[in-house]
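Structure follows, in structure tokens:
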């Protein structure tokens with residue numbers, strides 16, 4: 511057989527081709543990994559600014575609308591936290607027999623200030639016949655400080671303690687309401703109170719369009735595969751509601767917008783399933799979006815009837831409710 515350079519070079523060239531291709535693919539994968547790792551690191555560094563947006567819209571730190579612009583009677587309150595921050599708030603009380611009414615502690619979302627929630631507060635005030643305490647977290651509105659997960663938890667406890675010291679409010683009818691990020695803060699406070707067996711207990715907890723945790727939200731929003739392998743301790747803020755909701759013993763109302771473009775409805779459903787309260791209700795507003803669910807025509811009715819049911823239950827001193835969740839539609843039919 512004659513020597514054939516072409517025949518000898520053919521397997522060599524094939525191996526070189528495979529090596530180059532393998533190197534290229536490895537380089538591509540490595541670059542993708544490095545890119546996503548960089549994104550992950552950046553998310554940690556910028557997590558506070560991504561999560562907490564007290565300057566959105568632009569004038570949120572300087573202009574806070576007053577309740578009198580909505581025709582609401584109010585008292586401006588300043589609540590001091592254990593770490594010396596001062597929280598600005600409005601206590602909006604019913605004009606008649608306010609000491610007999612339910613009082614809502616309102617935990618708002620991650621942007622704006624309490625002035626942006628006044629229209630919502632006005633509807634609840636008039637439709638549900640309740641007192642409402644609106645307050646801004648540290649670093650929001652006219653409150654001092656800088657927001658952080660632990661800071662917001664400290665704020666929540668300080669506000670709760672403030673309400674508990676008010677002799678003009680019915681201490682048997684204090685309840686928490688949290689929207690979006692505020693839902694996570696409300697769940698944390700309710701969980702802490704549940705584990706301490708606080709007396710008197712909260713009347714109930716209501717949450718609207720809130721999430722299971724920040725890590726789960728990050729995976730959904732950024733869709734970076736590296737995030738699937740990042741442990742929770744690598745996150746600056748976690749807000750792990752899914753692990754805390756198991757400790758909540760009081761009635762819980764879940765208000766979910768079916769068209770929520772930010773927090774998927776399945777997160778609210780997971781929270782509902784994990785909730786161990788003997789009385790829990792889930793209501794879906796089919797057309798509700800993340801920031802507009804409260805505009806649904808039956809929104810206030812759901813809240814009002816839930817409060818009535820909680821008050822009736824408490825007055826009967828009954829604890830015989832089924833541990834399973836009850837559909838809100840059946841509840842409404844029974845209470846009509």
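Residue numbers (my numbering): 511 to 846.
Virtual Cβ for every residue (Gly too), placed ideally from N, Cα, C.
- Cβ contact check for the segment 655-669 and the segment 704-719: 3 or more pairs under 8 Å: no
- Query: Does the Cβ-Cβ distance between residue 616 and residue 687 come in under 8 Å?
  - Reply: Along the chain shown, one-based indexing puts residue 616 at 106. Along the chain shown, one-based indexing puts residue 687 at 177. Yes, these two residues count as a Cβ contact at 8 Å.
- Message: Does the segment 774-790 come into contact with the segment 751-758, if we say contact requires no fewer than three beta-carbon pairs (one atom in each stretch) closer than 8 Å?
- Response: yes
- Message: Rounded to whole angstroms, what is the Cα-Cα separation between residue 824 and residue 772?
- Response: Against the chain shown, residue 824 aligns to sequence position 314. Against the chain shown, residue 772 aligns to sequence position 262. In a straight line, the C-alpha of residue 824 is about 36 Å away from that of residue 772.
- Item | Status (buried if at least 16 other CB within 10 Å, exposed otherwise) for residue 790 | Against the chain shown, residue 790 aligns to sequence position 280. Its Cβ being crowded by 16 or more others within 10 Å, residue 790 is buried.
- Message: Between which residues of its own chain and residue 672 is the CB-CB distance below 6 Å, once the five residues before and five after are set aside?
- Response: Residue numbering aside, residue 672 sits at position 162 when the chain shown is read from its first letter. The residues are 589.
- When you compare each of 655, 753 and 576 to residue 644 by their alpha carbons, which one comes out closest? Against the chain shown, residue 644 aligns to sequence position 134. Of 655, 753 and 576, the residue nearest in Cα terms is 576.
- Just how far apart, CA to CA, sit residue 669 and residue 650? Within the chain shown, the letter at position 159 stands for residue 669. Within the chain shown, the letter at position 140 stands for residue 650. Going by the C-alpha atoms only, they are around 15 Å apart.
- Item | Enclosing alpha helix (DSSP H) for residue 695 [first to last residue] | In the chain shown, counting from the first residue as 1, residue 695 sits at position 185. Here the alpha helix (DSSP H) through residue 695 covers 691-706.
- Item | Segments assigned alpha helix (DSSP H), at least 4 residues, entirely inside the segment 722-802 | 724-732, 751-754 and 775-784
- Query: So who's on the other strand from residue 714, going by DSSP bridges?
  - Reply: For the purposes of this step, residue 714 is identified with residue 204 of the chain shown, where counting begins at 1. The partner list for residue 714 (beta bridge, DSSP) reads 685.
- Where does residue 818 land, buried or exposed, given buried means 16+ other C-beta within 10 angstroms? Translated into positions along the chain shown, residue 818 becomes position 308. That one is exposed.
- Query: Could you give the distance in angstroms between the alpha-carbon of residue 634 and the alpha-carbon of residue 625?
  - Reply: By one-based count along the chain shown, residue 634 stands at place 124. By one-based count along the chain shown, residue 625 stands at place 115. Whole-angstrom Cα-Cα distance: 15 Å.
- Message: Give me the residue from 729, 696, 565 and 655 with the minimum Cα distance to residue 774.
- Response: Indexing the chain shown from 1 puts residue 774 at position 264. For the residues 729, 696, 565 and 655, the minimum Cα distance to residue 774 belongs to 729.
- Simplified DSSP assignment, three categories, for residue 826: Along the chain shown, one-based indexing puts residue 826 at 316. Looking at residue 826 - three-state DSSP - the assignment turns out to be helix.
- Below 8 Å between beta carbons: does that hold for residue 621 and residue 602? Taking the chain shown and counting its residues from 1, the one referred to as residue 621 is at position 111. Taking the chain shown and counting its residues from 1, the one referred to as residue 602 is at position 92. No, Cβ-Cβ distance for residue 621 and residue 602 is not below 8 Å.
- Message: Tell me the DSSP secondary structure of residue 600 in three-state form.
- Response: Counting from 1 along the chain shown, the entry for residue 600 is found at position 90. The answer is strand: DSSP assigns residue 600 an E or B state.
- Message: By the DSSP assignment, the beta strand (DSSP E) with residue 614 in it spans what residues?
- Response: Stepping through the chain shown from its first residue, residue 614 is reached at position 104. Residues 613-617.
- Once you ignore the five residues that flank residue 647 on each side, which residues in its own chain have a CB closer than 6 Å to its CB? Numbered from its first residue, the chain shown carries residue 647 at position 137. Excluding residues within five positions, the ones whose Cβ falls inside 6 Å are 657, 662 and 665.
- Exposure label - residue 606; buried when at least 16 CB within 10 Å: Here residue 606 refers to the residue found at position 96 of the chain shown. By the 10 Å Cβ count, residue 606 comes out exposed.
- Cβ shell of residue 748 (< 8 Å), same chain only, five flanking positions each side left out: Within the chain shown, numbered from 1, the residue matching residue 748 stands at position 238. Counting only Cβ-Cβ distances below 8 Å, and skipping sequence neighbours, we find 659, 723, 724, 725 and 742.
- Task: May I have the straight-line CA-CA distance separating residue 572 from residue 652, to the nearest angstrom?
- Result: The residue you call residue 572 lines up with position 62 of the chain shown. The residue you call residue 652 lines up with position 142 of the chain shown. Distance between the alpha carbons of residue 572 and residue 652 is about 7 Å.
- Task: Could you tell me which of 820, 655, 697 and 714 sits nearest to residue 596, measuring between CA atoms?
- Result: In the chain shown, residue 596 corresponds to position 86, counting from 1. Of the listed residues, the one whose Cα sits closest to residue 596 is 655.
- Item | Nearest-angstrom Cβ-Cβ length linking residue 716 and residue 763, presumed shorter than 8 Å | Position 206 of the chain shown holds residue 716. Position 253 of the chain shown holds residue 763. Sure, about 4 Å apart at Cβ, within 8 Å.
- Which whole-angstrom value describes the C-beta separation of residue 700 and residue 721, a residue pair presumed to lie in contact below a C-beta threshold of 8 Å? If you number the chain shown from 1, residue 700 lands on position 190. If you number the chain shown from 1, residue 721 lands on position 211. That pair is no contact at about 16 Å.
- Burial state of residue 768, where buried means 16 or more other Cβ atoms lie within 10 Å: By one-based count along the chain shown, residue 768 stands at place 258. Under this definition residue 768 is an exposed residue.
- Using CA coordinates, which residue listed in 582, 674 and 754 is at the minimum distance from residue 627? What you label residue 627 is simply residue 117 of the chain shown in a count that begins at 1. The option with the nearest alpha carbon to residue 627 is 582.
- Query: Is residue 684 near residue 713, with beta carbons less than 8 Å apart?
  - Reply: Taking the first residue of the chain shown as position 1, residue 684 is located at position 174. Taking the first residue of the chain shown as position 1, residue 713 is located at position 203. A contact, by the Cβ cut-off of 8 Å.
- Which one or two residues does DSSP pair with residue 641 in a beta bridge? As a position in the chain shown, residue 641 is number 131, starting the count at 1. 613, per the DSSP bridge assignment.
- Own chain partners of residue 586 with C-beta closer than 7 Å, once the 5 adjacent residues on each side are dropped: The residue given as residue 586 occupies position 76 in the chain shown. Excluding sequence neighbours, residue 586 sits near 600.
- Item | When 667, 614 and 569 are compared against residue 642, the one with the closest alpha-carbon | Along the chain shown, read from residue 1 onward, the residue named residue 642 stands at position 132. Nearest option by C-alpha distance: 614.
- Item | Contact set for residue 794: own chain, Cβ-Cβ below 6 Å, skip 5 residues either direction | The count along the chain shown starts at 1 and reaches residue 794 at position 284. So the list reads 766 and 768, once near-sequence residues are dropped.
- Query: If residue 611 and residue 578 are in contact, beta carbons under 8 Å, what's the gap, nearest whole angstrom?
  - Reply: Against the chain shown, residue 611 aligns to sequence position 101. Against the chain shown, residue 578 aligns to sequence position 68. The pair is not a contact, with the Cβ atoms about 20 Å apart (cut-off 8 Å).
- Indicate the three-state DSSP secondary structure (helix, strand or coil) for residue 563 in the structure shown. Here residue 563 is taken as the residue at index 53 of the chain shown, counted from 1. Note: residue 563 maps to strand in three-state DSSP.
- When the Cα atoms are used, what is the spatial distance from residue 679 to residue 609? For the purposes of this step, residue 679 is taken as residue 169 along the chain shown, with counting starting at 1. For the purposes of this step, residue 609 is taken as residue 99 along the chain shown, with counting starting at 1. In a straight line, the C-alpha of residue 679 is about 5 Å away from that of residue 609.
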